[in-house]
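Novice: Sharing a structure here in structure tokens format.
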Amino acid sequence: MFDDKSILITGGTGSFGKKFIKTILARYKPRRVIVFSRDELKQFEMQQVFNDPAMRYFLGDVRDGQRLRQAMRGVDFVVHAAALKQVPAAEYNPMECIKTNIHGAENVINAALENDVEKVIALSTDKAANPINLYGATKLVSDKLFVAGNNIAGGHKTRFAVVRYGNVVGSRGSVVPFFRKLIDEGVKELPITDPRMTRFWITLQDGVDLVFKSFERMHGGEIYVPKIPSSRITDLAAAMAPELPTKMIGIRPGEKLHETMCPADNAHQTLEFKDHYVICPAITFAVQSDYKVNRLGEIGNSVGEGFEYSSGMNPEFLSIAELQALEATFEP
867 MFDDKSILIT GGTGSFGKKF IKTILARYKP RRVIVFSRDE LKQFEMQQVF
917 NDPAMRYFLG DVRDGQRLRQ AMRGVDFVVH AAALKQVPAA EYNPMECIKT
967 NIHGAENVIN AALENDVEKV IALSTDKAAN PINLYGATKL VSDKLFVAGN
1017 NIAGGHKTRF AVVRYGNVVG SRGSVVPFFR KLIDEGVKEL PITDPRMTRF
1067 WITLQDGVDL VFKSFERMHG GEIYVPKIPS SRITDLAAAM APELPTKMIG
1117 IRPGEKLHET MCPADNAHQT LEFKDHYVIC PAITFAVQSD YKVNRLGEIG
1167 NSVGEGFEYS SGMNPEFLSI AELQALEATF EP
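Here it is as structure tokens:
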């Protein structure tokens, strides 16, 4: 699907971008892979690792619509991974989060339409479902924008979809590298926000694979949610440092005890497939699609009334041994 194609990834110097590019270069022979990001140092460092002839590095910010339009010329596929993601930082800097996560999403959509990009997938987060923090609220708006992008495409061939998943093991600013840093520094106890807290977990590679598969599956307008395991924060601490006690520090601004990826209010729009769920669009598009059968021929079924996919009620929880194996996949 990606052989001899041009692919652009916004926020391409981040954890996801690096794994995505490593994977696409190993599996396909793309014509161009464009890293679009605003940090020149990270781009320079990345060029030392990813110097394949197909690689291109574009400095730019998703807040700059004109620069995005230039970067997407001749592009076939776009992955939108750029975002301001730190929950406390978003609470204290709301307008900056809005400019990147909402206005940036709008710019990506407009640039893709103007350049007749074939398919666009935007990365979302479990925090976009029933959001209580600003980051989640901006990502919910972003999700809505990308879904509605299919309705404003008009005569353009461009189709948009969203991939939503939980915490990525080892992503920058997440709890696994934070705990590991504290352990390496010789702390006497690990800080725990609340012993009841649960989270969804996915590896970077599984997140990348989900995006690749979603490009193949999509009609346009779907929100893809993988079936992934949960863990208790106390079990994660026990897996990483079984000898250390924990200290309760309280929930940070904008945090939930449990995360949701498929809200009960969307149950009537939600389809269950073998390894994932699809939240179908609430609005009607000019071109109708049968979301129960995706482009790979996989068949989904409607979920029951009131169905909710939550980290606290997940049928699959990781054991301490499984968490230790998952933590071992973290690449600093």
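The sequence shown begins at 867 in this note's numbering and counts up by one. Glycine included, C-beta positions come from ideal geometry on N, C-alpha and C. In this text, all values refer to a predicted model and were calculated from it rather than measured experimentally.
DSSP puts V1028 in a beta bridge; with which residues?
Specialist: Note: V1028 sits in a beta bridge opposite A988 and I1089.
Novice: Measuring only between beta-carbons, confirm whether M912 sits less than 8 Å from chain B.
Specialist: Of the protein chains in this structure there is only one, and it is not chain B.
Novice: Measure from the alpha carbon of D930 to the alpha carbon of each residue in V945, R1083, Q909 and N967, then state which is nearest.
Specialist: When each option's Cα is compared against that of D930, the closest is N967.
Novice: May I ask which residues mark the beginning and end of the beta strand (DSSP E) holding F902?
Specialist: Residues R898 to S903.
Novice: Quickly, what does DSSP pair C1128 with across the bridge? List them, please.
Specialist: Paired residues: Y1175.
Novice: Short check: CB of I1094 to CB of Y1143, under 8 Å?
Specialist: No, they are not a contact pair.
Novice: Starting from V953 and walking both ways along the alpha helix (DSSP H), at which residues does that stretch end?
Specialist: Residues V953 to Y958.
Novice: Between which two residues does the beta strand (DSSP E) holding L1137 run?
Specialist: Element bounds for L1137: T1136 to E1138.
Novice: Can Y894 and K951 be called in contact, C-beta distance under 8 Å?
Specialist: Going by C-beta atoms, Y894 is not nearer than 8 Å to K951.
Novice: With 16 other CB atoms within 10 Å as the buried threshold, where does N981 fall?
Specialist: N981 comes out buried.
Novice: For A948, count neighbouring C-beta atoms within 10 Å of its own C-beta (all shown protein chains included) and say buried if the count is 16 or more, exposed if not.
Specialist: By the neighbour-count rule (16 or more Cβ atoms within 10 Å), A948 is buried.
Novice: What do you get for S1185, buried or exposed, if any count of 16 or more other CB atoms within 10 angstroms of its CB means buried?
Specialist: With fewer than 16 other Cβ atoms within 10 Å, it is exposed.
Novice: For K985, which residues of its own chain have a beta-carbon under 7 Å away from its beta-carbon, when the five flanking residues on both sides are left out?
Specialist: Once the five neighbours on either side are set aside, the close Cβ partners of K985 are F943, R1025, F1081 and M1084.
Novice: On the DSSP letters alone, give me the boundaries of the beta strand (DSSP E) that T876 sits inside.
Specialist: Counting along the chain, the beta strand (DSSP E) containing T876 begins and ends at S872 to T876.
Novice: By how many angstroms is the C-alpha of A1104 removed from the C-alpha of L1006?
Specialist: In a straight line, the C-alpha of L1006 is about 33 Å away from that of A1104.
Novice: I1145: which of A1133, A1152, V945 and S1155 sits nearest, CA to CA?
Specialist: Ranking the options by Cα distance to I1145, first place goes to A1133.
Novice: Is I900 near the ligand HEM, in the sense that its beta carbon is under 7 Å from a heavy atom of that ligand?
Specialist: Ligands in the displayed structure: none, and consequently the ligand HEM is not present.
Novice: Which residue from T1100, D1060 and V915 puts its Cα closest to that of E1121?
Specialist: Measuring from the Cα of E1121, the nearest candidate turns out to be D1060.
Novice: Sort out for me which residues DSSP pairs H969 with in a bridge.
Specialist: Paired residues: none, contrary to the question.
Novice: Report the rounded CA-to-CA distance for L925 versus E906, giving the unit in angstroms.
Specialist: C-alpha separation (whole angstroms): 7 Å.
Novice: For L934, which residues in the same chain have their Cβ closer than 7 Å to its Cβ, ignoring the five residues on either side in sequence?
Specialist: These residues qualify, in order along the chain: G926, V928, N973, V974 and A977.
Novice: Skipping 5 residues on each side, what residues in its chain have a beta carbon closer than 8 Å to that of I873?
Specialist: I890, P896, R898, V899, I900, V941, D942, F943, V944 and V945, listed in sequence order.
Novice: Grab me the residues of R904's own chain with a C-beta within less than 7 Å of its C-beta, minus the 5 sequence neighbours each way, in chain order.
Specialist: Excluding sequence neighbours, R904 sits near L925, G926 and D927.
Novice: For L1076 and V1029, which I take to be in contact (beta-carbon distance under 8 Å), what is that distance rounded to the nearest angstrom?
Specialist: Yes, they are in contact, since the Cβ atoms of L1076 and V1029 sit about 6 Å apart, within 8 Å.
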